[in-house]
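According to my numbering, the sequence shown is numbered sequentially starting from 13. Data first, discussion second: the structure below is written as structure tokens.
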Amino acid sequence: MIDDEYFLAALRLASGHDPIPAHVSAAARQAFALRVPHAVTARPAGYNAARGVRGAESPQTVRFVTDDLTFDLEVTVGDGLLDVAGQVCPPPGEGCHVDIRTPHLTLTRRLASTGQFAATGLPPGWLSVVCHRPGHAPVQTRWVRVRP
């Protein structure tokens, strides 16, 4: 496993002669801390910005897939905050949960028997969802940016 100091040393070598600015090193450490070790990353499979479906605040939908799981996410922006409703298919079963992550906040939700979950009041910006299933590697979506 790569540790933080090795990662930063590699960045310094790759940059040539100029030292890496402190704010860039700090951002790299923060991004590296967001990784989920041994996770499978679901790839985007579609995007639909629905218009006029639920009033003025129309949701954005995106789908992520792996060989055995599909994530459908619907994100609505209201009052400057994000509401996320999602479903994991096929429903992974008992003892499963998702982490709805932003760079500064993680909300954990148990999955309903149908694989559905929801979270409200998230800050706008970057968002990722990780599904945890007993006996399996975590499955995460790529990071997506949602703007108000």
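Glycine included, C-beta positions come from ideal geometry on N, C-alpha and C. Note that the structure is predicted; figures quoted are calculated from it, not measured.
So what's residue i in DSSP terms, helix, strand or just coil?
i, result
"Ala57", "strand"
"Leu84", "Per the sequence shown, the amino acid found at residue 84 is Asp instead of Leu. The answer is strand: DSSP assigns Asp84 an E or B state."
"Leu139", "strand"
"Asp95", "strand"
"Val48", "coil"
"Asp16", "helix"
If we ignore side chains and look at the alpha-carbon of each, how far apart do residue i and residue j end up?
i, j, result
"Thr118", "Arg24", "30 Å"
"Val110", "Ile32", "36 Å"
"Thr73", "Pro150", "22 Å"
"Ala39", "Ser140", "18 Å"
"Arg145", "Thr53", "14 Å"
"Gly58", "Ser27", "36 Å"
"Tyr18", "Arg41", "11 Å"
"Pro56", "Pro104", "20 Å"
"Pro160", "Ala22", "36 Å"
"Cys108", "Leu94", "23 Å"
For residue i, count neighbouring C-beta atoms within 10 Å of its own C-beta (all shown protein chains included) and say buried if the count is 16 or more, exposed if not.
i, result
"Ser125", "exposed"
"Thr88", "buried"
"Arg113", "buried"
"Val36", "exposed"
Taking the alpha-carbon of residue i as reference, which of the options has the nearest alpha-carbon?
i, options, result
"Arg122", "Thr114, Trp138, Gln99 and Leu139", "Gln99"
"Gly92", "Leu20, Val158, Glu17 and Gly107", "Val158"
"Ala51", "Gly28, Val36 and Leu81", "Leu81"
"Gln152", "Asp79, Glu106, Ser37 and Pro136", "Asp79"
"Trp138", "Val96, Val36, Pro102 and Ser37", "Val96"
May I ask whether a heavy atom of the ligand COA can be found less than 6 Å away from the beta carbon of residue i?
i, result
"His50", "Among the ligands in the structure shown, none appear at all, so the ligand COA cannot be discussed."
_Three CB pairs or more closer than 8 Å across the stretch 32-51 and the stretch 124-137_ = no
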